[in-house]
Every structure is written in structure tokens, then in C-alpha cells.
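**Q** Could you have a look at this structure, given as C-alpha cells, before my questions?
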Amino acid sequence: MPLMTPPIGSQLVDLGSALLLLTCFGIVAQRRLSACVDLFALQSVFLALTATLVAFLTGIHHIYVAAALTILIKAIVIPRILKKVIERLNVSRELVMNINVPASLLICGVLVMVAFLITQPIIPFGHLLTRDSLAIALAIVLIGFFTMIARQKAVTQMIAFLVMENGLFLGATAATYGMPLIVELGVFFDVLVAALIAGIYTNRLQDAFDSVDTTHLSELKE
Amino acid sequence: MSDLTTTIAVSLLLLAPLVAGGLSLLLTGSRWLHVTNLTSIGTLVAAEVMIARSVFAQGSITAFGEIIYIDALSSVILFIIGMVGLACSLYMRSYMDEQVARGVIAPKRLNLFFFLFHMFLLAMVVATVANSLGVQWVAIEATTLTTTFLIAFWRRRESLEAGWKYLILCSVGISLALFGVVLMYYSSLRVLGDVSSALNITQLQQVAGQLDPHILKLAFVFLFVGYGTKVGLVPMHSWLPDAYTEAPAPVAAMLAGVLETVAVYAILRCRGIVDQAVSPDFTGGLLAVFGLVSFALAAFFILLQHNYKRLFAYSSIEHMGLAMVGFGVGGPIGNFGGLFHLVNHAFAKSLAFFAAGNIHRRFKTVEIDQVRGLTTVLPWSALALLIAGLALAALPPFALFTSEMQIITALGSSGLPSEWTQPRTGLPIVVLLLCSLIAFGGLLHRITSMVWGVAPGHIVPGEQWSVGHVPIILLGAVLVGFCWALPPPLQQLFEAASTLLVNR
Amino acid sequence: MLDAFALIVMQTAVLLVVAPLIVGLIRKVKARLQCRRGASVFQPYADLVKLLRKQPVVSSTTSWIFTATPYILFASTLAAGLLVPVFISRTPLSLAGNIIALVYLLALGTFFLMLAGLDAGSSFGGMGSSREAIVASLTEPAMMLSIFAIALTAGSTNLSTIVHKTALLQGIVTDPSPHLMAFAALVIVAIAETGRVPVDNPATHLELTMIHEAMILEYSGRYLALVEWAAGLKLLVFLTLIVNVSAPWGIATSMEPAALGIGLAAYLVKVSGLAVFIGLLESMFAKLRLFRVTDLLGTAFILALLGLIFFYVLRG
Numbered sequence: 000m001p002l003m004t005p006p007i008g009s010q011l012v013d014l015g016s017a018l019l020l021l022t023c024f025g026i027v028a029q030r031r032l033s034a035c036v037d038l039f040a041l042q043s044v045f046l047a048l049t050a051t052l053v054a055f056l057t058g059i060h061h062i063y064v065a066a067a068l069t070i071l072i073k074a075i076v077i078p079r080i081l082k083k084v085i086e087r088l089n090v091s092r093e094l095v096m097n098i099n100v101p102a103s104l105l106i107c108g109v110l111v112m113v114a115f116l117i118t119q120p121i122i123p124f125g126h127l128l129t130r131d132s133l134a135i136a137l138a139i140v141l142i143g144f145f146t147m148i149a150r151q152k153a154v155t156q157m158i159a160f161l162v163m164e165n166g167l168f169l170g171a172t173a174a175t176y177g178m179p180l181i182v183e184l185g186v187f188f189d190v191l192v193a194a195l196i197a198g199i200y201t202n203r204l205q206d207a208f209d210s211v212d213t214t215h216l217s218e219l220k221e
Numbered sequence: 000m001s002d003l004t005t006t007i008a009v010s011l012l013l014l015a016p017l018v019a020g021g022l023s024l025l026l027t028g029s030r031w032l033h034v035t036n037l038t039s040i041g042t043l044v045a046a047e048v049m050i051a052r053s054v055f056a057q058g059s060i061t062a063f064g065e066i067i068y069i070d071a072l073s074s075v076i077l078f079i080i081g082m083v084g085l086a087c088s089l090y091m092r093s094y095m096d097e098q099v100a101r102g103v104i105a106p107k108r109l110n111l112f113f114f115l116f117h118m119f120l121l122a123m124v125v126a127t128v129a130n131s132l133g134v135q136w137v138a139i140e141a142t143t144l145t146t147t148f149l150i151a152f153w154r155r156r157e158s159l160e161a162g163w164k165y166l167i168l169c170s171v172g173i174s175l176a177l178f179g180v181v182l183m184y185y186s187s188l189r190v191l192g193d194v195s196s197a198l199n200i201t202q203l204q205q206v207a208g209q210l211d212p213h214i215l216k217l218a219f220v221f222l223f224v225g226y227g228t229k230v231g232l233v234p235m236h237s238w239l240p241d242a243y244t245e246a247p248a249p250v251a252a253m254l255a256g257v258l259e260t261v262a263v264y265a266i267l268r269c270r271g272i273v274d275q276a277v278s279p280d281f282t283g284g285l286l287a288v289f290g291l292v293s294f295a296l297a298a299f300f301i302l303l304q305h306n307y308k309r310l311f312a313y314s315s316i317e318h319m320g321l322a323m324v325g326f327g328v329g330g331p332i333g334n335f336g337g338l339f340h341l342v343n344h345a346f347a348k349s350l351a352f353f354a355a356g357n358i359h360r361r362f363k364t365v366e367i368d369q370v371r372g373l374t375t376v377l378p379w380s381a382l383a384l385l386i387a388g389l390a391l392a393a394l395p396p397f398a399l400f401t402s403e404m405q406i407i408t409a410l411g412s413s414g415l416p417s418e419w420t421q422p423r424t425g426l427p428i429v430v431l432l433l434c435s436l437i438a439f440g441g442l443l444h445r446i447t448s449m450v451w452g453v454a455p456g457h458i459v460p461g462e463q464w465s466v467g468h469v470p471i472i473l474l475g476a477v478l479v480g481f482c483w484a485l486p487p488p489l490q491q492l493f494e495a496a497s498t499l500l501v502n503r
Numbered sequence: 000m001l002d003a004f005a006l007i008v009m010q011t012a013v014l015l016v017v018a019p020l021i022v023g024l025i026r027k028v029k030a031r032l033q034c035r036r037g038a039s040v041f042q043p044y045a046d047l048v049k050l051l052r053k054q055p056v057v058s059s060t061t062s063w064i065f066t067a068t069p070y071i072l073f074a075s076t077l078a079a080g081l082l083v084p085v086f087i088s089r090t091p092l093s094l095a096g097n098i099i100a101l102v103y104l105l106a107l108g109t110f111f112l113m114l115a116g117l118d119a120g121s122s123f124g125g126m127g128s129s130r131e132a133i134v135a136s137l138t139e140p141a142m143m144l145s146i147f148a149i150a151l152t153a154g155s156t157n158l159s160t161i162v163h164k165t166a167l168l169q170g171i172v173t174d175p176s177p178h179l180m181a182f183a184a185l186v187i188v189a190i191a192e193t194g195r196v197p198v199d200n201p202a203t204h205l206e207l208t209m210i211h212e213a214m215i216l217e218y219s220g221r222y223l224a225l226v227e228w229a230a231g232l233k234l235l236v237f238l239t240l241i242v243n244v245s246a247p248w249g250i251a252t253s254m255e256p257a258a259l260g261i262g263l264a265a266y267l268v269k270v271s272g273l274a275v276f277i278g279l280l281e282s283m284f285a286k287l288r289l290f291r292v293t294d295l296l297g298t299a300f301i302l303a304l305l306g307l308i309f310f311y312v313l314r315g
């Protein structure tokens, strides 16, 4: 069997993307909220490493900026905010899930397949450094989307949103070597503000409903 | 008109809400807040007029080294933002002051309200004039972030719930749109190769024909689903009725009238690029089918409502669906009708929410059953409600009738576009007519029951004249006037914009 | 022929000698993390020697299964160990079987251990066996799938071929995604199969939680020594598998003495590194409730499945 050995760099980028996907599964399988936050922080670190690698391989400097911002905002600031929220709310784990863990994982597996099938026709066109990263990025976005539906705690929904953002950032880095810097800065700003706002909301929801379980949010009906 | 005036106009456009927002945090006293607000909106409108004139002269303008791009389409959107913004500002003068006087909110929170309001305006203006699709995305996400606290402004349990739903659903939707933007960038980068400008509309329009159709299709699906969430298209609409019900009346008017329009604008912008590489039937079919489904479902939901604010919310979904059908079917008539429908809907819906705000303040309820005899209690608001209701039901002599007719004509002549089969006319037309009949009956039935009848005993009758009535009168007049004769400059502007939308 | 024979002897010796050392190392790491000095890393050797010298006590209610099990367990585990490349990419018994044989040799040992747990008729033994049955039935599919995923990327079910190709940077590293998924699944499987935290705790005899310890509660003397030694061997076999399939670099690819020396040294370093990591892991996590174990193993199964999917979707 002829086995070519492509450059080791692009394989490392693929490996980084796969690690991101792995942490995604960790978040889906994990019930403890603080562990979810830790996994998210870990995912952001992997993301930053992957971005740094891409920056190094392509020599595009502004990706370094984005990687540094990822570490600062997504691996340090936002996890701290979320930890504070968890501490104040005194919730530690997700007790009831709409869909149990093995079933969620199975669905996520299907989502990964879907992501690969969707991106399959467009992968060969690019000047892509990697084969899998764009598909994995889409898979992460879809898994984040699914987690948002499957979980009920406000904090988990927030983490799911952030996971989606990570997937998007991976997609942008892997497929296009980062967006224009101004767009990237804007996106980071939006994410940070969104996290802050969600933090404020969870506090207010706690005060108003004595719970951050969003199933209690059912006063508005048809 | 020289470049300098354009630059000045564009700077004014961006600076007015920015400066006013900053001032809103510093000033004390509601009077000064309102003065700042009105000045800023006035400046905005003046800048828009200047811009519209140079757009007429040059076709399209760019400013600040191609960061800003304005053509006829963005001018129309700016026009809607300015007009509805002005009406809301006038209305807020009486509405917000009364809330402070009644002790619903602390006077200091007025600062926050105005700050967020201006940031919201700024974000929408940026989304409309940005040349880069990425910046446009950032601005649209910013509208979500600024409005979520405006929706939850009363801080009741229900409003917090509505705000949270809005934040989560719209953020998620918009994340999908970002993936679309990434894909768009991915495809254009291969052609353009220039990192910093590959997302610019000006650049994309030039090379759109060479972009890869597979990627563009995928990108458009993501963009459509993402921004469609903001528009409130079925099935991504579930946040919308809650948010409109819980938001303060002027905010609801802004959301329904302007924010949805800006989101539609974002979709149209992307469509303009995608259509050059992909068959327009692909995007058209997507728009028209989602529009038709939204229209039909919202019409049925209108029948079920007991809450007049939710009634208007579903009517928003309905009309946005209809405008989408117009854009989807395309052609000169369809696009013009869709665009005109957006404008008319913005005016009619803000009028409806102003009236609803007045009624809510007096009756302290949003239940339709408990509101009776508006003609005696609030004669002016009753008239406004009636005008808005009739207009939203698309009866003549209101402008929505004209635009709805145009859309139906376009659908009848070209049929629902489809990538795979022949365009179909029969079934879509029947569905459209049937559902508009249902919506018509539902709206009129609910609204007439509120307007006439005997008022409950504990409600004090009589309506005091206030500044808040000025926009109500004006909007009513505009709605009637647009049906008879569109002022020539506006007519030209709309036509120029709809020609931009017609592809090939 | 002589080569093969020498290799069998060498590999058997290495496995038998290193296994207790790894157990001791993990205990030491855990002790240090709990701020204890802990027993010497060579303590398991002393334990084995002591147990081998003691007279076994066998319950009068047991059948031949009870006395035969330690030998079967020990022999099957050792045979499994000989199917895995340890410090040289060739395996001594590669003619006798491949990766599937490895899985079923290990399963054979587990099966007899479960029977032995039931044999004495004590309530603890039965409980342990039933729990082990749950865990084993859940790990087996995950293990098979993860190994298949790795085998597919290498294009062979023969472990020595897989390791050889990986060591020479062929095949596997060109596909990091399926490889990583399968690797993660394999780590979880290894933890579950060898009865480590968070599935089972080898250091406890608490009746509510023990699994492996409950099954071997009736054993004493040389029988216990063999069972314990086999448990250590099983752990070592899994660690070896993980280490050599995912990062075989340094392994000897020929029978030259120098290469063998380097291979052995690299092997010892990698395996003890992994052992330290397991010690850390065991200190960081609490044991899961038995009914939550299904979640963990479900995760492993899905990950392994994903590895396969990745392979087929991407290259199919």
C-alpha cells in the first residue's frame, strides 16, 4: 500500500482539531458544571495552540494575536466568570437531562458524520493546510448547537454557545488562516460581552426564579 | 457632491448615536436625555438625506478607504432606521417619562436605557453601511447584545425569561451565520488572495461569478438560517413573540420595525453575491419557501392569540414572511414589492406598538378580553390601533395593501422558484390568499373587539394630548399617503434599490 | 528459530519482572500525592514472594474451577502479553494470533475469574462477578472497535505490523483524527479493564464499591499471588499496547543488541511515564457510581465508533 507522508505540520494541525473535538465530547458527557468549564478552558487552550501552529506554518502574524486573545479571554477570563457564577448559584451538576449521556454522544457522533458529509464536496477546492479541520469545526459548531438544546442549566447553555464560537474560530483559522483582524477583534469583543451579559442574566434569573434551570422559564406560553 | 461632504455625512451618521450614547451615561435629568436623543436622531436623519442625495448622484459611495459602502439598498434601510428611530424618540418622550413618574423605573435607569438605545442604533447603522461582511456580522451580533437588556428592561420574571431566550436563540443563530461568513471568506480568498479586503462587498461583487458554487451554496444556507433567526422566520421564531410582548413599547417598535429589516438586509446582501455564482432559483427558492411557511403558520397563530402584543408579534412574522416571498420570487415587481413591504411594515408595526403601549399603560393588561371601549377611553390611540390594524390586515387605502398586491402579482406571474422543477404558481397563490384571509379575519376580529364596546368601569376615560401623539399621527398619515402617491425621490430610491436586487 | 525462542524468553522475563514494578510505582505516586511516604516501589515483589510461600486455604464448597482459575488467568494474560510488541516491533507469537486473539485471551481470563468468584458461593464473590460482567460486557465492544479503528488506519490486524508502520511514520500518523479518537477510547477501556479509578478502586475492600477485589476475596497463598501477578500483567499489557500503538518511537526494529537495549530503555521510560500519569488520574478523580460507569464506557464506545467513521467517511 503506498503510504505517503504529508508534512508533519498539517498533521499536527489536524491533531489539534481532533483534540478540540475530543474535549467537545467530554463536555457532552460531563455532568459536573465546573468540570464542563474546565473542559471548555482546555478546549480553548488547544484552540490557541492550533492557531499558533497555523500562524507559525503560514507566517501570518495576526493569527498570533488571535491566539493570544483566545488564551486570555476564553481560557482565563470567561472560565473565571463562569466559575464565579457557578459558585454564587450553588449548583454543581446537571441533574436532569433531556437526553441521557450515551444517547447524546451517539447523536453527536451522527452530527460529526453529517459535518463531514456536508463539507466533503468543498474540501478539495481549497488551498487548505488540513483536510479535516473545516469538517471538525463544523462538527463542533453542530455539537455546541445540540448541547444547547439538550441541556437545561443556563451555565451549560452558555458553555455550549462558547463551544460553538470555538468551533467557528477553528473553522476560520483552519480554512482561511483567520479572518481580517478587525473582524476577529469584533468577534472576540462580542463573545466577551455575551459571556458577561449571560453572567448577569444568570444572577437575575436566580433572584427571580430561585433557579437557573431554564425549564422553569415557562411563564411565556401561547 | 464632493467626497468631503460624503465623508462628513458618513461620520455624522456614525458619530451621532455614539456621542449621544456616551452623553446618555453622563447626563442627569430626563429632559436633557431626551434633548440629546432627539438631536442625535435628527442628525442621523439629516446625514441620511445627504447620503441619499450622493447615492443618487453616484450610484454608490464608499468612504474611509472602502470601510463604508452605501448604495440605494442600504439607503432605503437607513431611511427606515432614521424614520422609525425618530418616531420612537418622539414617543419615548411621553412614554418613558410616565414610567419614571409612576415609579416603574428609577430615574437613573433612564440613562442606561438611552445608552443601550443609542448603541442599538449605532449597531444597526454599522450593519447597514459596513462594506465587510465580517463587520456586518459583528454589528448584527452587537444588536443582540444591546437589545437583550432593553427587552428585559422591566426586570420582571417574564421579561427576564424573554430576554434570556432572545439572547441565547439569537446568539446561536448568529453563530451559524458566522460560519457562513467564514465559508464566504474561504471561497473569496481563493479568488482574491487579499486577506484584508476579501470580505468586502465591493470586492466580492466584482469576482462573485468566479467563486465556487458549492461553497457559496453552503455559505448561503448558514447565513440564511443565522440571519433568518433574527428576522424571526419559522421555525426559528420562538423568541420573537416573547421578546415583543415583554419589551417596552418603543423598543418593541424598533425591534419589529427596524431590526428585522436590518436582518433581511443582511440576507439580501449575501444573496446578491451568491446569486452571481449560483442559479438565483436556489436562493430564491429558499427565501420564498421559508417566507411562505412563516406566512402561513403565523396567520394561523394570529387566530389563537389572546394577547394583543403577541398578536402584533405574529403579524410581524407573517409580514416578514410575505416580504421574503417577494424577494424570493424576484423580478422587478417582486423585489420592489418586498422592499416596499418592509418599509410599510416598519411604519405600521411601530404605529401598532405605540398604540399598544398607550393601551397597556391605561388598562394594565395585555389580554384582549379585558380591553373594551377604546373609543371612549383613549380615542386617539383607538384610531391609531384601528389604522395599524387595518394596515396590517392589508386593506386599502393603506400602503401595505399596495405592496402585498405587488408581491402576489409577482408570485402569480413568475411562480415559486425552484432549483429542480418548473416554478409553481397554483398552490402557493392559493396558500397565500387563504392565509392572508385568515390573518385578515383574525386581526380585524381582535382589534374591533378592543376598539368598540363598553369600557370596564374602573378605567378612567379620556386621553391627554402629549408629544407621544405626534409620531402616531404622522405614521398614520404616511401609511395612507404611501398608498396613493409615493413621493418621487422615495419612489426613485426604492426603484434604484430594487433594480440592484434583480439579478441578470 | 533460535531468535524467536530467545525473544519469547526475553519478553516473558521483561513482562514478569516489570509488572509488579508498575503496580508499585502507581501506589508510590498515589501515596506521594496524598502526602504519605508510601511503601517502596519494590514492595509488590516482597508481597508476591511472601504469598507464594504461604499455604493456601481453599473453601470446601469450591470445585476445580476455583483452583484452576489462577493458572488459567496467569497463563492467558502472559500469552496475551506475548502477542504485544514490547521493546521490539516483532512479537514472539505473531504467528499464533493477532489483535483479536489478544482481546479474547484477556476475555478468557476475565471469564474464568468471574466463574471463580461465583464458585465459592460467598455473597461478595457473586456481587463482584456480576459487576465485573457488567463492566466487561460494556468494555468489550468499545475495545474491539477502537482496536479495529487503529488496525484499519494501519491496514493490518497484526500488532507488530501496526507498531512497525507507526514507528517508521507510515500510515497511522497521516490520519491523526481517527487515531486520536481510538486512542482516547482505548485509554478508557484500559482503565475499566484493569479496574482502576474511576471504574474500580484496587486499593479498597469496601463492600459497596469493590469489583475486582470482591471476586478474589476467597483466594490466599500462592493462588492469590498468581491472581495479583496476573492483574499486574494485565495492566502492563494494556499500558504497553497504548504506549506502543500510539507512540512506538524508540522501539527496536531489528534484533541487534544495541537496538534492543535502546528499545528496552525507551519502553521502560514510556511505561513508567504512563504509570505515573495513571497515578495522577487516580488521585484526581473519585470513583464513579456503578450506574455512571455506563456513561463512561458509552463514551469510549462512541469515540471508538467515531474513529471508525472518520476512517470510512474521510477515506472511503
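Chains as they are written, first to last, in numbering that gives the first Met the number 0: chain A, 0 to 221; chain B, 0 to 503; chain C, 0 to 315. The beta-carbon is built from N, C-alpha and C at its ideal position, and this holds for glycine as well. This structure is a prediction, so every number in the text was calculated from the model and none was measured.
Taking contact to mean 3 or more Cβ pairs, one atom from each stretch, closer than 8 Å, check whether the stretch 295-315 of chain B and the stretch 216-224 of chain B are in contact.
**A** no
**Q** From B:Q204, B:L321 and B:N343, pick the residue whose C-alpha is nearest to that of L431 (chain B); which is it?
**A** As a first step, residue 431 (chain B) must be located in the second sequence, where it is residue number 432. Ranking the options by Cα distance to L431 (chain B), first place goes to B:L321.
**Q** Since R92 (chain A) sits in a beta bridge, which residues does DSSP pair it with?
**A** On the first sequence, residue 92 (chain A) is found 93 positions in, with the first residue counted as 1. For R92 (chain A), which the question treats as bridged, DSSP gives the partners A:R31.
**Q** Going along chain D, which residues have a C-beta under 8 Å from D189 (chain A)?
**A** Structure shown: chain D not included; protein chains present are A, B and C.
**Q** Within the same chain, show all residues whose beta-carbon is closer than 7 Å to that of H117 (chain B), passing over the 5 residues directly before and after it, in chain order.
**A** The residue given as residue 117 (chain B) occupies position 118 in the second sequence. The answer, listed in chain order, is P16, A19, G20, S23 and S39.
**Q** Have a look at G5 (chain C) and P91 (chain C) and give me their C-alpha separation to the nearest angstrom.
**A** Within the third sequence, the letter at position 6 stands for residue 5 (chain C). Within the third sequence, the letter at position 92 stands for residue 91 (chain C). At residue 5 (chain C) the sequence reads Ala, which differs from the Gly that was named. If you take the alpha carbons of A5 (chain C) and P91 (chain C), they lie about 9 Å apart.
**Q** Count Cβ pairs between the stretch 230-243 of chain B and the stretch 207-214 of chain B that sit closer than 8 Å; are there 3 or more?
**A** The stretch 230-243 of chain B is not in contact with the stretch 207-214 of chain B.
**Q** Going by DSSP, what residue range makes up the alpha helix (DSSP H) through F374 (chain B)?
**A** Numbered from its first residue, the second sequence carries residue 374 (chain B) at position 375. Per the sequence shown, residue 374 (chain B) should be read as Thr rather than Phe. Where T374 (chain B) is concerned, the enclosing alpha helix (DSSP H) starts and stops at L373 to V376.
**Q** Which one or two residues does DSSP pair with A129 (chain B) in a beta bridge?
**A** For the purposes of this step, residue 129 (chain B) is identified with residue 130 of the second sequence, where counting begins at 1. The partner list for A129 (chain B) (beta bridge, DSSP) reads B:I67.
**Q** Can you tell which of C:L112, C:M143 and C:L216 has the C-alpha that lies nearest to the C-alpha of Y103 (chain C)?
**A** Here residue 103 (chain C) is taken as the residue at index 104 of the third sequence, counted from 1. Minimum Cα distance to Y103 (chain C) is reached at C:M143.
**Q** So, is the C-beta of Q156 (chain A) closer than 8 Å to a C-beta in chain B?
**A** If you number the first sequence from 1, residue 156 (chain A) lands on position 157. Yes, Q156 (chain A) counts as interfacial toward chain B.
**Q** Sorted by chain position, which residues of the same chain lie with C-beta nearer than 6 Å to T146 (chain B)'s C-beta, five sequence neighbours on each side aside?
**A** If you number the second sequence from 1, residue 146 (chain B) lands on position 147. Only F119 meet the Cβ criterion.
**Q** Hey, how far is the Cα of I272 (chain B) from the Cα of L291 (chain B)?
**A** The residue given as residue 272 (chain B) occupies position 273 in the second sequence. The residue given as residue 291 (chain B) occupies position 292 in the second sequence. Whole-angstrom Cα-Cα distance: 23 Å.
**Q** Report yes or no: do three or more beta-carbon pairs, one from the stretch 198-207 of chain A and one from the stretch 23-35 of chain B, lie closer than 8 Å?
**A** no
**Q** Where does the unbroken beta strand (DSSP E) through S59 (chain B) begin, and where does it stop?
**A** Taking the second sequence and counting its residues from 1, the one referred to as residue 59 (chain B) is at position 60. Note, S59 (chain B): beta strand (DSSP E), S59 to A62.
**Q** What does the alpha-carbon distance come out to for the pair L19 (chain A) and G192 (chain B)?
**A** In the first sequence, residue 19 (chain A) corresponds to position 20, counting from 1. In the second sequence, residue 192 (chain B) corresponds to position 193, counting from 1. Distance between the alpha carbons of L19 (chain A) and G192 (chain B): 28 Å.
**Q** Below 8 Å, how does it come out for the stretch 36-44 of chain A and the stretch 298-311 of chain C: are there three or more Cβ pairs, yes or no?
**A** no
**Q** Jot down the residue ranges of each uninterrupted alpha helix (DSSP H) in the stretch 299-385 of chain B, minimum 4 residues, whole runs only, in chain order.
**A** 307-328, 330-362 and 373-376
**Q** So is L305 (chain C) in contact with chain A if we call contact Cβ pairs under 8 Å?
**A** Taking the third sequence and counting its residues from 1, the one referred to as residue 305 (chain C) is at position 306. For L305 (chain C), the answer is yes, since a Cβ of chain A falls inside 8 Å of its Cβ.
**Q** Report buried or exposed for I148 (chain A), applying the criterion of at least 16 other Cβ atoms within 10 angstroms of its Cβ.
**A** Residue numbering aside, residue 148 (chain A) sits at position 149 when the first sequence is read from its first letter. Burial call: exposed.
**Q** Taking 8 Å as the cut-off, decide whether the C-beta atoms of F160 (chain A) and V181 (chain B) are in contact.
**A** The residue given as residue 160 (chain A) occupies position 161 in the first sequence. The residue given as residue 181 (chain B) occupies position 182 in the second sequence. The answer is no: Cβ separation not under 8 Å.
**Q** Quickly, what does DSSP pair N199 (chain B) with across the bridge? List them, please.
**A** Looking up residue 199 (chain B) in the second sequence gives position 200. The partner list for N199 (chain B) (beta bridge, DSSP) reads B:S131.
**Q** With three or more beta-carbon pairs closer than 8 Å as the criterion, would you say the stretch 235-250 of chain C touches the stretch 258-273 of chain C?
**A** Contact annotation: the stretch 235-250 of chain C touches the stretch 258-273 of chain C, with at least three C-beta pairs closer than 8 Å.
**Q** Just how far apart, CA to CA, sit V85 (chain C) and V270 (chain C)?
**A** As a working mapping, residue 85 (chain C) is identified with position 86 in the third sequence. As a working mapping, residue 270 (chain C) is identified with position 271 in the third sequence. The straight-line gap from Cα to Cα measures roughly 10 Å.
**Q** Does the count of Cβ pairs from the stretch 104-122 of chain C and the stretch 147-156 of chain C closer than 8 Å reach three?
**A** no
**Q** For N130 (chain B), count neighbouring C-beta atoms within 10 Å of its own C-beta (all shown protein chains included) and say buried if the count is 16 or more, exposed if not.
**A** Position 131 of the second sequence, counted from the first residue, corresponds to residue 130 (chain B). With 16 or more other Cβ atoms within 10 Å, it is buried.
**Q** Taking the alpha carbon of L169 (chain A) as the point to measure from, which residue in B:G283, B:L177 and B:I167 has its own alpha carbon closest?
**A** Indexing the first sequence from 1 puts residue 169 (chain A) at position 170. Among B:G283, B:L177 and B:I167, the Cα nearest to that of L169 (chain A) belongs to B:L177.
**Q** Do you know whose CA, among B:V479, B:N343 and B:A409, lies nearest M82 (chain B)'s CA?
**A** The residue given as residue 82 (chain B) occupies position 83 in the second sequence. Ranked by how close their Cα comes to the Cα of M82 (chain B), the residues B:V479, B:N343 and B:A409 have B:N343 in first place.
**Q** Determine the direct distance from the alpha carbon of E160 (chain B) to that of V154 (chain A), and round the result to whole angstroms.
**A** Here residue 154 (chain A) is taken as the residue at index 155 of the first sequence, counted from 1. Here residue 160 (chain B) is taken as the residue at index 161 of the second sequence, counted from 1. The alpha-carbon of V154 (chain A) is positioned some 15 Å away from that of E160 (chain B).
**Q** Got a sec, what are the start and stop residues for the alpha helix (DSSP H) T401 (chain B) sits in?
**A** As a working note, residue 401 (chain B) is residue 402 in the second sequence. Start and end: A398 to S413.
**Q** Residues in its own chain within less than 8 Å of T310 (chain C) by CB, not counting five upstream and five downstream?
**A** Within the third sequence, the letter at position 311 stands for residue 310 (chain C). Here the sequence assigns Phe to residue 310 (chain C), which means Thr is not the residue at that position. These residues qualify, in order along the chain: A148, L151, T152, D174 and P177.
**Q** Taking CB distances under 8 Å as the criterion, tell me whether G108 (chain A) reaches chain C.
**A** In the first sequence, counting from the first residue as 1, residue 108 (chain A) sits at position 109. Under the 8 Å criterion on CB atoms, G108 (chain A) is classed as interfacial with respect to chain C.
**Q** According to DSSP, simplified to helix, strand and coil, what is I250 (chain C)?
**A** In the third sequence, residue 250 (chain C) corresponds to position 251, counting from 1. DSSP, read as helix, strand or coil, puts I250 (chain C) in coil.
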